[in-house]
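Reviewing the structure listed below.
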Amino acid sequence: MSDITSTTSHGDLANLLNHPRHPRSNRYDVRWTIENQMGPHALWLLEWLSPALGLEELRPGARVLDRGCGCGRAMTSVFLAREHGFRVVAADLWAKPDENATRIAEAGVAQRVLPVSAEAHDLPFAQGHFDAIVSIDAYQYFGTNDLYLPTLTRLLKPGGRIGVVVPALREKPEGTEPPEHLKPYWEPDFWVFHSPA
Ligand SMILES: C[S@@+](CC[C@H](N)C(=O)[O-])C[C@H]1O[C@@H](n2cnc3c(N)ncnc32)[C@H](O)[C@@H]1O
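Laid out in structure tokens, this is it:
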């Protein structure tokens, strides 16, 4: 990835990552977005999720858990604080709070985003604390246990909302073989991917 950022002009990179359906994401520095990515375009996925989750209806100052356990490098936490004025807890396992704190401060939202280290099955938050919980490209790592969801719902205020974006397969694979067209790329971890149904 660093090759493309070093060999492509800023303007060309911005054009490559300018998406007509994601006007808010388009306003973020393209190098910042690329250097902090941990998979698909996290800001596009969050901007796509926002209307379904009703984030526009939540008031500024609402408490949101960027459930990364999976916030990754906190890009989505910065987005939630900047775009909606939410107070965000940026929880993650692989990315260290110190590193995220620097990124969050550089993005000018240190007053509204709290980076914490948390393992998804041991969440140090009080019952009913959050107005919303968001998880982008992370839930597939820890939420596959049928009994996991109540671990999150207990953290929500009555009427609170959970929004999850995960990789998926178009159809459920037949038997124990991966779909033919994915065989060349298939990795054992991909068995956590499911069809929308
Ligand atoms: C592919 S990254 C996505 C990060 C970020 N949401 C993004 O889209 O850029 C998956 C994230 O899931 C987190 N994760 C995986 N397993 C976890 C667990 N058991 N507890 C907490 N976080 C976990 C990792 O720390 C990592 O940041």
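Residue numbers (our numbering): 1104 to 1300.
No residue lacks a Cβ here, since even glycine has one placed at the ideal position from N, Cα and C.
Every value quoted in this text rests on a predicted model; they were computed, and no experiment measured them.
Between Q1230 and ligand 1, is there a pair consisting of the residue's CB and a ligand heavy atom that are separated by less than 8 Å? If you number the sequence shown from 1, residue 1230 lands on position 127. No, since every heavy atom of ligand 1 falls outside the 8 Å radius drawn around the Cβ of Q1230.
Between the CA atoms of H1187 and K1260 - distance to the nearest angstrom: Translated into the one-based positions of the sequence shown, residue 1260 becomes position 157. Translated into the one-based positions of the sequence shown, residue 1187 becomes position 84. If I take the Cα positions, the gap works out to 19 Å.
F1245: CB within 8 Å of a non-hydrogen atom of ligand 1: Position 142 of the sequence shown, counted from the first residue, corresponds to residue 1245. Shortest gap from the CB of F1245 to any heavy atom of ligand 1: under 8 Å.
Relative to the C-alpha of G1266, which residue among H1284, Y1251, E1283, Y1242 is closest? Translated into positions along the sequence shown, residue 1266 becomes position 163. Each of H1284, Y1251, E1283, Y1242 was checked against the Cα of G1266, and the nearest Cα belongs to Y1242.
Which term fits P1218, buried or exposed, when burial requires 16 or more other beta carbons within 10 angstroms of its beta carbon? Taking the first residue of the sequence shown as position 1, residue 1218 is located at position 115. It is buried - the Cβ of P1218 has at least 16 other Cβ atoms within 10 Å.
Return the chain-ordered ranges of every alpha helix (DSSP H) run that is complete within the region 1141-1175 and spans a minimum of 4 residues. Segments of the alpha helix (DSSP H) lying fully in the region 1141-1175: 1145-1156.
Let me know the secondary structure DSSP gives R1130 once reduced to three states. Numbered from its first residue, the sequence shown carries residue 1130 at position 27. Reduced to three states, the DSSP call for R1130 is coil.
Got a sec, what are the start and stop residues for the beta strand (DSSP E) G1262 sits in? Taking the first residue of the sequence shown as 1, we reach residue 1262 at position 159. Looking at the DSSP string, the run of the beta strand (DSSP E) that includes G1262 is 1259-1268.
State the DSSP-derived secondary structure class of A1204, mapped to helix, strand or coil. Looking up residue 1204 in the sequence shown gives position 101. When DSSP states are grouped into helix, strand and coil, A1204 belongs to the helix group.
Looking only at its own chain, which residues have a Cβ that is under 7 Å from the Cβ of D1234, when we skip the five neighbours before and after it? Sequence index remark: in the sequence shown, residue 1234 carries index 131 (1-based). Around D1234: L1161, A1165, R1166, V1167, K1260, G1263.
Between I1239 and ligand 1, is the CB less than 8 Å from at least one heavy atom? Position 136 of the sequence shown, counting from 1, holds the residue named residue 1239. Within the cutoff, so yes.
Under 8 Å by Cβ, that's how I've got R1190 and N1139 pegged, so tell me the actual separation to the nearest angstrom. Counted from its first residue, the sequence shown places residue 1190 at position 87. Counted from its first residue, the sequence shown places residue 1139 at position 36. Contact between R1190 and N1139 does not hold, since the beta-carbon distance rounds to 21 Å and is not under 8 Å.
Ligand 1 heavy atom lying under 8 Å from the CB of Q1214: Locating residue 1214 in the sequence shown gives position 111, counting from the first residue. At a threshold of 8 Å, Q1214 does not count as near ligand 1, since its beta carbon sits no closer than that to any of the ligand's heavy atoms.
How far does the alpha helix (DSSP H) with L1252 in it reach, from first residue to last? Reading the sequence shown from its first residue, position 149 is the one you call residue 1252. It spans 1252-1256 - the alpha helix (DSSP H) in which L1252 sits, taken as one unbroken run.
In whole angstroms, what is the alpha-carbon distance linking T1179 and A1194? Within the sequence shown, the letter at position 76 stands for residue 1179. Within the sequence shown, the letter at position 91 stands for residue 1194. Each residue's alpha carbon lies about 11 Å from the other.
Taking 8 Å as the cut-off, is the beta-carbon of D1201 closer than that to any non-hydrogen atom of ligand 1? The residue you call residue 1201 lines up with position 98 of the sequence shown. The closest heavy atom of ligand 1 lies 8 Å or more from the beta carbon of D1201.
Taking only heavy atoms of ligand 1 into account, decide whether any of them is closer than 8 Å to the Cβ of G1164. Translated into the one-based positions of the sequence shown, residue 1164 becomes position 61. Not so, every heavy atom of ligand 1 lies at least 8 Å from the Cβ.
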